[in-house]
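Enquirer: Chain order of the listed sequences is G and D. Just so we're aligned: 332 in the UniProt record's numbering is position 332 of the first sequence, and the numbers increase by one with no gaps anywhere. Just so we're aligned: 115 in the UniProt record's numbering is position 115 of the second sequence, and the numbers increase by one with no gaps anywhere.
2 protein chains.
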Amino acid sequence: MNTIQSDNYPVFFENSIDELVKFIEQGHYSRFFILTDENTAEHCLPLVKSKVEHLDNFDIIEINAGEESKDIDFCIGVWRMLIDFGADRKSLLVNLGGGVISDLGGFAASTFKRGIDFVHVPTTLLSQVDASVGGKTGIDINSIKNIIGTFTQPKAVFINLGFLETLPPRQILSGLAEMLKHGLIQDAAYWHQLKASDLTIPSAQLVHRSVEIKNKITIEDPHEKGIRKALNFGHTIGHAVETDSLINDKDPLSHGEAIAIGMICESYLAHKKTGLPAEELQEITETLNKLYPRYTIKQSDFDTLLEIMKKDKKNQNGNINCTLLTNIGQCNIDNNCTEAELCDSLLYYINL
Amino acid sequence: MNTIQSDNYPVFFENSIDELVKFIEQGHYSRFFILTDENTAEHCLPLVKSKVEHLDNFDIIEINAGEESKDIDFCIGVWRMLIDFGADRKSLLVNLGGGVISDLGGFAASTFKRGIDFVHVPTTLLSQVDASVGGKTGIDINSIKNIIGTFTQPKAVFINLGFLETLPPRQILSGLAEMLKHGLIQDAAYWHQLKASDLTIPSAQLVHRSVEIKNKITIEDPHEKGIRKALNFGHTIGHAVETDSLINDKDPLSHGEAIAIGMICESYLAHKKTGLPAEELQEITETLNKLYPRYTIKQSDFDTLLEIMKKDKKNQNGNINCTLLTNIGQCNIDNNCTEAELCDSLLYYINL
Ligand SMILES: NC(=O)c1ccc[n+]([C@@H]2O[C@H](COP(=O)([O-])OP(=O)(O)OC[C@H]3O[C@@H](n4cnc5c(N)ncnc54)[C@H](O)[C@@H]3O)[C@@H](O)[C@H]2O)c1
Ligand SMILES: NC(=O)c1ccc[n+]([C@@H]2O[C@H](COP(=O)([O-])OP(=O)(O)OC[C@H]3O[C@@H](n4cnc5c(N)ncnc54)[C@H](O)[C@@H]3O)[C@@H](O)[C@H]2O)c1
Ligand SMILES: [Zn+2]
Ligand SMILES: [Zn+2]
């Protein structure tokens with residue numbers, strides 16, 4: 001599994017934790033700090049710690065698990081810990097965890113003393129195939145997701161598939177949605193390969209291919225002016241459904257579960273607007289519907305969902321744009337969709 | 001007074017407020033926001049407002065005056081206002097004020113939705129000749145200055161000398177210290193010109209020359225790896241004296257007053273270590289001592305001052321580095337100074 005070269009930084013797939021140790025030693029950092037949450041402290045930190053035991057210039061910063069920790073208040077907590085531990089400009093932050101840890105840690109590091117080095121060791125499938133690549137950092141304010149952040153690249157990413165063994169199946173499914181998305185927008189063969197695979201824990205080779213696709217797109221368009229919007233497929237509607245579920249459901253949808261719904265609805269839109277063939281719409285719908293649990297959306301929720309879409313930072317001046325497929329493996333960005341069309345697509349999902 | 005071209009952005013000196021209006025109109029921003037403090041709201045905002053009256057897509061964000069407003073809590077306040085006012089990625093932030101407004105506003109904008117455009121309209125001498133050029137943004141946590149920040153360039157800077165008319169004389173003196181520094185580190189002729197000028201309100205031509213010098217240095221070395229450290233002349237000791245004064249004095253030193261002391265001490269070090277001729281040391285000492293009020297430093301403060309210097313983010317591993325002159329108009333960076341040498345230089349100031 002070869003190392004992927006991203007925008008000035010490598011993404012390691014082989015002996016990744018050993019590579020991490022080498023990276024730290026060769027970087028001559030004054031100190032380094034490992035950012036974990038409760039779960040990664042339990043399941044992933046022991047392996048990392050056993051490999052850096054011979055170094056004495058590090059500290060652990062542990063935060064609560066969950067999206068609530070991506071809030072500005074926790075970020076201030078991380079900054080304060082860095083100050084208290086004596087972090088200087090030659091310090092390194094190692095983000096050991098899922099997307100919450102890499103987004104928060106990346107932001108905290110990119111702004112501490114106007115920027116210190118950081119690396120990601122993603123421990124969820126979602127963060128391995130998505131959050132750790134592409135240079136977006138972000139935190140939330142008042143539950144408004146990623147409202148504050150920077151575009152800053154990590155110095156390296158270390159992907160260790162072994163960490164996925166302790167990940168709950170629902171988290172695997174969440175990351176899988178992004179992998180399926182990568183196939184749908186960019187690589188039909190990869191989509192078919194995914195459909196044919198045992199996806200309980202995706203193989204290293206599949207993870208590798210997803211990182212390749214995400215990496216290629218984000219290198220071409222780091223600041224999301226054009227082609228990077230391809231990655232928003234499923235996310236205009238999916239993100240609204242996710243936000244609404246977070247507010248109203250006792251056991252809210254995971255990101256991937258919401259994106260799966262979004263991909264079904266937006267494939268319907270693609271069939272209506274950008275020529276996605278009927279049989280491909282059906283193939284996508286069936287595949288996603290089999291993998292992901294059904295979710296109840298009521299017609300009385302449509303207004304709320306549309307409001308959320310309009311406020312989405314991807315949309316401007318009240319226009320709602322979607323990335324739509326033309327075929328499996330190909331897409332078009334910036335398709336303006338009317339409220340009626342969006343409601344129709346939600347009805348398509350409801351009536352399945 | 002010609003426009004100075006910085007790192008991809010212009011610094012305007014003529015008809016600057018008209019240029020600002022032109023910039024806003026031509027930028028096709030969805031909305032713009034003017035960040036002010038109490039004083040600039042009173043003294044500077046009326047002029048700007050009178051020129052943008054015909055536009056209806058803006059709001060004012062006003063904060064308290066003073067360094068306390070550079071705290072993360074106020075930054076969160078600015079972010080919240082931007083959210084409440086419906087700022088999107090195509091919004092613009094106009095920072096109308098001194099260094100507190102440009103540092104805070106620059107940081108808030110550079111991280112809001114991963115970065116929106118901002119411009120500076122500096123209204124203090126210090127911010128015109130120093131803070132508004134060079135791309136450093138920053139905020140404080142627990143009074144630790146600029147501990148959080150980014151390197152992000154404004155889209156333009158609009159310098160209007162007229163704003164200086166309402167500025168208290170002590171604030172003029174504070175900015176003047178940086179101008180004198182620019183001469184000492186880079187341009188002997190400029191230093192002599194400053195000495196010969198009426199400095200009650202420095203002429204546009206002098207401000208222009210200072211911006212040229214700061215701009216040239218920061219373009220060459222945006223991230224402070226080398227030559228930019230020249231700008232730290234006077235700041236190793238001066239910053240420590242300033243911090244100590246902020247904590248202990250009822251009426252603390254201004255930044256420039258502290259830097260003037262730092263420049264005297266560090267010129268003494270330069271005489272001892274990098275060959276600054278005795279008569280030039282004397283010339284610098286006399287000039288600064290005449291312009292700036294005497295300040296009492298006690299020998300019992302030396303330990304505290306040294307501690308502050310070691311914690312300074314410019315210094316690493318307990319080493320204290322100074323930028324030292326070799327002649328008036330020339331300097332050397334990264335001169336390691338011992339504690340004994342630093343104490344000697346403070347004694348030199350005390351015994352003047
Ligand atoms: N920056 C980007 O480009 C980008 C892309 C996608 C998502 N994101 C962000 O990522 C976040 C979601 O990522 P996530 O799903 O990884 O969230 P997460 O970090 O909250 O991880 C999910 C859960 O799994 C636990 N966990 C992590 N690793 C584990 C392991 N090996 N074994 C057992 N439990 C483990 C965590 O403690 C947490 O409870 C969101 O905040 C989202 O905005 C960012
Ligand atoms: N980013 C950089 O490169 C850089 C460089 C130097 C200093 N700084 C920062 O700048 C800050 C100091 O700058 P400052 O001295 O301009 O501080 P400031 O913004 O607090 O202004 C000083 C005072 O003058 C008032 N004021 C501003 N304009 C006025 C006007 N036209 N008339 C009357 N009153 C007016 C302000 O309200 C304030 O009370 C510090 O926080 C420092 O860290 C940053
Ligand atoms: Zn996603
Ligand atoms: Zn200064």
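Backbone N, C-alpha and C fix where the C-beta goes; we use that ideal spot for every residue, glycine too.
1. Mark residue 356/D as exposed unless 16 or more other C-beta atoms lie within 10 angstroms of its C-beta, in which case mark it buried.
2. Tell me which residues of the segment 335 to 350 of chain G have at least one Cβ-Cβ distance to chain D shorter than 9 Å, keeping chain order.
3. Would you list the one or two residues that DSSP bridges to D344/D?
4. Where does the unbroken beta strand (DSSP E) through C322/D begin, and where does it stop?
5. Tell me the residue span of the alpha helix (DSSP H) that contains K145/D.
6. Rounded to whole angstroms, what is the Cα-Cα separation between R89/G and R114/G?
7. Using alpha carbons as the reference points, say which of T166/D, K273/D and S143/D lies closest to C44/D.
8. Is it the case that the CB of I259/G approaches a heavy atom of ligand 3 more closely than 7 Å?
9. Okay, do the segment 233 to 253 of chain D and the segment 316 to 331 of chain D touch, 3+ Cβ pairs below 8 Å being the bar?
10. Name the chain G residues that come within less than 8 Å of I147/D, Cβ to Cβ?
11. For Q330/G, report the span of its beta strand (DSSP E) as first-last.
12. Taking DSSP as the reference, what is the three-state secondary structure of F85/D?
13. Kindly indicate which residue of S132/D, F158/D, K155/D and V21/D has the alpha-carbon position closest to the one of G175/D.
14. Contact criterion: CB-CB distance below 8 Å. Does F233/D meet it with respect to chain G?
15. Between the Cα of V119/D and those of G86/D, S254/D and L93/D, spot the shortest distance and give me the residue it belongs to.
16. Cβ of residue 404/G within 7 Å of any heavy atom in ligand 3?
17. Under a Cβ-count criterion, where at least 16 other Cβ atoms within 10 Å of its own Cβ denotes burial, should I217/D be classed as buried or exposed?
18. Here's a check: name, in chain order, each residue in its chain whose Cβ is nearer than 8 Å to the Cβ of K195/G, leaving out the five neighbours to either side.
19. For A156/G, which of D312/G, F23/G, T338/G and N336/G has the nearest alpha-carbon?
20. How would you list, in chain order, the residues of chain D whose beta-carbon sits under 8 Å from the beta-carbon of T150/G?
21. Secondary structure at G97/D, three-state DSSP: helix, strand or coil?
22. So, are the CB atoms of H182/G and K214/G less than 8 Å apart?
23. Indicate whether L104/G and I139/G have their beta-carbon atoms separated by less than 8 Å.
24. In or out: S50/D buried (at least 16 other Cβ within 10 Å) or exposed?
25. I need the boundaries of the alpha helix (DSSP H) containing E19/G, first residue and last residue.
26. Which bits of chain G does D88/D rub up against, with CB to CB less than 9 Å?
27. Answer with yes or no whether the minimum CB distance from K214/G to chain D is below 8 Å.
28. Which partner residues of Q5/G appear in the DSSP bridge assignment?
29. Could you pull the start and end residues of the alpha helix (DSSP H) that H120/D belongs to?
30. Could you give the uninterrupted runs of the alpha helix (DSSP H) lying entirely in the segment 160 to 186 of chain G, keeping only those of 4 residues or more?
31. In angstroms, rounded to a whole number, what distance separates the CA positions of I34/D and Q26/D?
32. By DSSP, does F233/D sit in helix, in strand, or in coil?
33. Do we get a CB-CB distance below 8 Å when we pair I141/G with the residues of chain D?
34. Where does the unbroken alpha helix (DSSP H) through I284/D begin, and where does it stop?
35. What residue does the beta strand (DSSP E) around L35/D start on, and which one ends it?
36. Which term fits I61/D, buried or exposed, when burial requires 16 or more other beta carbons within 10 angstroms of its beta carbon?
Expert: In brief:
1. This structure cannot settle anything about residue 356/D, because the visible part of chain D is limited to 1 through 352.
2. none
3. For D344/D, no pairing in a beta bridge is given by DSSP.
4. N321 to N327
5. It is not in any alpha helix (DSSP H) - K145/D instead sits in the beta strand (DSSP E) that spans I144 to I148.
6. 9 Å
7. Between C44/D and the set T166/D, K273/D and S143/D, the nearest pair of CA atoms involves T166/D.
8. yes
9. Verdict: yes, contact present.
10. W79, I83, F112 and K113
11. Q330 to N336
12. Coil at F85/D, not helix or strand.
13. S132/D
14. no
15. Comparing alpha carbon positions, the residue from G86/D, S254/D and L93/D closest to V119/D is L93/D.
16. The structure shown has nothing for residue 404/G, since chain G only spans 1 to 352.
17. If you draw a 10 Å sphere on the C-beta of I217/D, you find 16 or more other C-beta atoms in it, and that means buried.
18. T287
19. F23/G
20. S110, T111, R114, G115 and T150
21. Here DSSP, grouped into helix, strand and coil, assigns G97/D to strand.
22. yes
23. yes
24. exposed
25. S16 to Q26
26. K313, N315, Q316 and N317
27. No, K214/G lies away from the interface with chain D (no Cβ there is under 8 Å from its Cβ).
28. P10/G
29. Here H120/D belongs to no alpha helix (DSSP H); instead the beta strand (DSSP E) covers D117 to P122.
30. 169 to 186
31. 17 Å
32. coil
33. yes
34. A278 to L291
35. F32 to D37
36. buried
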